[in-house]
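Below: one structure, written as structure tokens.
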Amino acid sequence: LGGILKNKARLVARGYGQEERINFEESFASVARLEAIRIFLVYAAHKNIVVYQMDVKIAFLNGNLWEEVYVSQPDGFVDPDNLNHVYKLKKALYGLKQAPRAWYDMLSSFLISQDFSKGSVDPTLFIRRNGNDLLLVQTYVDDIIFAASTPELCDVFAKIMCSKFKMSMMGKSHFS
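Under my numbering, think of the first position of the sequence shown as 53, with each following residue one higher.
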């Protein structure tokens with residue numbers, strides 16, 4: 053109780069200095085509304101299908117940047133021979149204002165490439181139909197809940213996600 057399980061560190065950009073339309077164009081990322089999550093869960097309960105949870109590890113690092121972004125050398129990693137050099141980022145980094153949007157765009161594009169369609173009212177809901185088979189995916193930044201008409205479809209979805217991203221499978225959702 054109270055012991056350290058694992059030490060973690062993350063390089064974070066100092067995004068608080070960024071200015072919209074100068075350093076980035078858009079930072080908005082769709083986040084599921086509580087009502088949308090409730091409707092998802094009510095539908096799953098009505099259809100008597102199991103809801104599963106997963107988390108995308110280091111999600112923001114998967115997002116592609118549309119702007120050129122440079123960061124100074126982080127403390128402890130400064131090249132003594134090139135003190136004035138900066139790094140050009142290839143991927144989004146935690147702390148950047150545009151990182152959530154870059155992640156959402158990456159996830160959305162990937163799901164659409166896997167034959168999902170985006171909800172017309174809720175852009176955080178993704179649906180894949182094949183005959184009577186139905187797979188529903190609700191995203192909330194890097195957290196995902198999903199349900200399907202068959203357990204096999206849930207397995208397929210988990211494999212699809214693990215083929216592209218590092219995932220933490222949290223198993224069945226339990227509600228009290």
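Backbone N, C-alpha and C define an ideal beta-carbon position, used for all residues, glycine too.
This one's a predicted model, so the numbers in the text were calculated from it and none came from an experiment.
Separation of residue j from residue i, as counted between CA atoms
i: Pro-175; j: Pro-126; result: 36 Å
i: Ile-101; j: Thr-202; result: 8 Å
i: Met-213; j: Ile-91; result: 23 Å
i: Phe-112; j: Phe-209; result: 20 Å
i: Asp-167; j: Arg-180; result: 6 Å
i: Val-130; j: Asn-114; result: 25 Å
i: Met-158; j: Leu-117; result: 10 Å
i: Asn-134; j: Val-121; result: 19 Å
i: Phe-198; j: His-226; result: 13 Å
i: Gly-54; j: Ala-61; result: 19 Å
i: Val-123; j: Ala-154; result: 17 Å
i: Ala-229; j: Asp-195; result: Missing from the structure shown is residue 229; the chain here goes from 53 to 228 and no further.
i: Val-207; j: Ile-164; result: What sits at residue 207 in the sequence shown is Asp, not Val. Going from the Cα of Asp-207 to the Cα of Ile-164 covers about 18 Å.
i: Val-193; j: Tyr-104; result: 16 Å
i: Gly-128; j: Gly-147; result: 19 Å
i: Lys-211; j: Lys-149; result: 30 Å
Minimum Cβ-Cβ distance from residue i to chain B less than 8 Å
i: Leu-145; result: This model lacks chain B altogether; it includes just one protein chain.
Neighbourhood of residue i by C-beta, 8 Å cutoff - its chain only, sequence neighbours within 5 removed
i: His-98; result: none
i: Lys-218; result: Val-108, Lys-109, Ile-110
Segment limits, alpha helix (DSSP H) that includes residue i
i: Phe-178; result: It is not in any alpha helix (DSSP H) - Phe-178 instead sits in the beta strand (DSSP E) that spans 177-182.
Residues near residue i in its chain [Cβ-Cβ closer than 6 Å; skip 5 each side]
i: Thr-191; result: Thr-176
i: Gly-171; result: Leu-177
i: Ala-88; result: Asp-174
Close beta carbons around residue i, own chain, < 7 Å, minus the five adjacent residues each side
i: Leu-205; result: Asp-185, Leu-187
i: Ser-220; result: Met-106, Asp-107, Lys-109
First through last residue of the beta strand (DSSP E) which encompasses residue i
i: Asp-207; result: Element bounds for Asp-207: not the beta strand (DSSP E) but the alpha helix (DSSP H), 203-216.
i: Phe-198; result: 195-200
i: Gly-223; result: 219-224
i: Leu-57; result: Counting along the chain, Leu-57 falls outside any beta strand (DSSP E), and DSSP gives it neither H nor E.
Ordered list of alpha helix (DSSP H) runs contained in the region 77-116, each at least 4 residues: 86-99
Cβ pair count under 8 Å reaching 3, the region 164-178 against the region 123-142: no
Sequence ranges, beta strand (DSSP E) only - wholly within the region 122-165, length at least 3: 122-124, 138-140
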